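Asker:
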Amino acid sequence: MSPVEHPVDESNDSYNRIRQKFVGLLEGLSGAPSECLGCLFLNIGATLHSLGSLRLALEVWTRALEYSIQGENRKREGECRFYTGIALYALGHTRRAVIRLREALEVFQSICYEDGIRSCYKTLRTMHSSLGDLDEADEANDEPVKYI
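Okay, so the sequence shown: first residue is -5 according to my numbering, each after it adds one.
#1: In whole angstroms, give me the CA-to-CA distance for residue 118 and residue 30.
#2: Determine the extent of the alpha helix (DSSP H) in which residue 72 is found, giving its start and end residues.
#3: Nearest-angstrom Cα distance between residue 110 and residue 72?
#4: Hey, is the stretch 97 to 111 in contact with the stretch 47 to 56, meaning 3+ C-beta pairs nearer than 8 Å?
#5: Measure the C-alpha to C-alpha separation of residue 103 and residue 12 and round it to an integer number of angstroms.
#6: Measuring CB to CB, does residue 114 end up less than 8 Å from residue 76?
#7: Consult DSSP for residue 107 and reduce its assignment to one of helix, strand or coil.
#8: Can you grab the Cα-Cα spacing for the pair residue 140 / residue 8, in whole Å?
#9: Look up residue 141 in the DSSP assignment and say whether it is helix, strand or coil.
#10: When every heavy atom of the ligand COA is checked, does at least one fall within less than 7 Å of the C-beta of residue 30?
#11: Determine the direct distance from the alpha carbon of residue 49 to that of residue 125, and round the result to whole angstroms.
#12: How many Å lie between residue 47 and residue 91 at the Cα?
#13: Hey, how far is the Cα of residue -4 from the Cα of residue 78?
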């Protein structure tokens, strides 16, 4: 696996056992290439997020990011970075979420993916506003014009 930081360190042993079993089960479903596993994990993370399992969604999206980096799929890598940022924000890790969103933005800009760029700026404005960084929020508000 690529060295991707697992952003939330859970000390709850019960949660960790369930998480490890769940992720292990997903990885055992297929001997598929990294590209396919990245897609699978990205979609399962979205389902978990919609069901309110934010910590597990974050873990699954982090794995999706690892597989996307291995498979050299830049668009999916950007999406994984974006969604891990969303999960971090929802879990109250706003500053770490901003870092992850900026990473996603860099990836999307490198491949000229306009929808991803736009989504990153919109979400960054929200995050900076919640931190009280109004200057940063205003800057993020102006940025899409420069790149799109």
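From the three backbone atoms N, C-alpha and C, an ideal C-beta is built for every residue, glycine too. Fair warning: this is a prediction, and the values are worked out from it, not measured in the lab.
Answerer: Considering the structure as presented:
#1: Looking at the two C-alpha atoms, the distance is approximately 29 Å.
#2: 68 to 84
#3: 8 Å
#4: no
#5: 37 Å
#6: Yes, the Cβ-Cβ distance between residue 114 and residue 76 is below 8 Å.
#7: coil
#8: Here the model assigns residue 140 a pLDDT of 49, short of 50, so the residue's position is not dependable, and the following value carries that caveat. If I take the Cα positions, the gap works out to 48 Å.
#9: Residue placement at residue 141 cannot be trusted, given a pLDDT of 44 that sits under 50; the coordinates are not used to answer.
#10: The ligand COA is absent from the structure shown, which contains no ligand whatsoever.
#11: 22 Å
#12: 17 Å
#13: Note that residue -4 scores a pLDDT of 43, beneath 50, so its modelled location is shaky; the value from the coordinates is reported in the next line. Approximately 16 Å between the Cα atoms of the pair.
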